[in-house]
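The structure appears right after this line, and notes come after that.
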């Protein structure tokens, strides 16, 4: 796979910076709401909170209105039990365009871990 470097258009920097600065307080507030959900992926904790965490993240992605689909999925573990919920958001693009994959956790660690 070959990558090409496109120099950054300097005229984009100021508007992008202004946008980020204007949205930052809302982003921090949203993240604050998400981290309050005790979605701990640990057998001795209430797994319903993981479902709440997944639903909250999916709702935030849907609210952006930039994805064609937002789904909560679960994969089967080797023992057949379903694993923790994962959120998959997709937006179609040109077949020959670069693709982006973002992988991140929405669960948190138990207190003291």
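Residue numbers (our numbering): 3 to 115. All C-beta atoms in this analysis are idealised placements derived from N, C-alpha and C, irrespective of residue type, glycine included. Since the model is a prediction, treat every value here as computed from it, not as a measurement.
Using a Cβ-Cβ cutoff of less than 6 angstroms, which residues in the same chain neighbour residue i once the five nearest sequence positions on both sides are dropped?
i          : result
residue 44 : 112
residue 70 : 92, 93, 94
Where do the N-terminal and C-terminal ends of the alpha helix (DSSP H) with residue i fall, by residue?
i          : result
residue 68 : Element bounds for residue 68: n/a, residue is neither H nor E.
residue 35 : 15-37
How many Å lie between residue i and residue j at the Cα?
i           : j           : result
residue 15  : residue 47  : 45 angstroms
residue 18  : residue 26  : 12 angstroms
residue 23  : residue 33  : 16 angstroms
residue 104 : residue 10  : 22 angstroms
residue 76  : residue 35  : 23 angstroms
residue 4   : residue 106 : 26 angstroms
Tell me which same chain residues have a C-beta within less than 8 angstroms of the C-beta of residue i, skipping the five on either side of it?
i          : result
residue 79 : 85
residue 68 : 93
Indicate whether residue i and residue j have their beta-carbon atoms separated by less than 7 angstroms.
i          : j          : result
residue 72 : residue 64 : yes
residue 74 : residue 58 : no
Starting from residue i and walking both ways along the beta strand (DSSP E), at which residues does that stretch end?
i           : result
residue 106 : First-last for residue 106: undefined, no H or E at that position.
residue 88  : 88-92
Leaving out five residues before and five after residue i in sequence, what residues of the same chain have Cβ atoms less than 7 angstroms from its Cβ?
i          : result
residue 41 : 51, 52, 54, 55, 108, 109, 110
residue 12 : none
residue 39 : 51, 54, 55, 58
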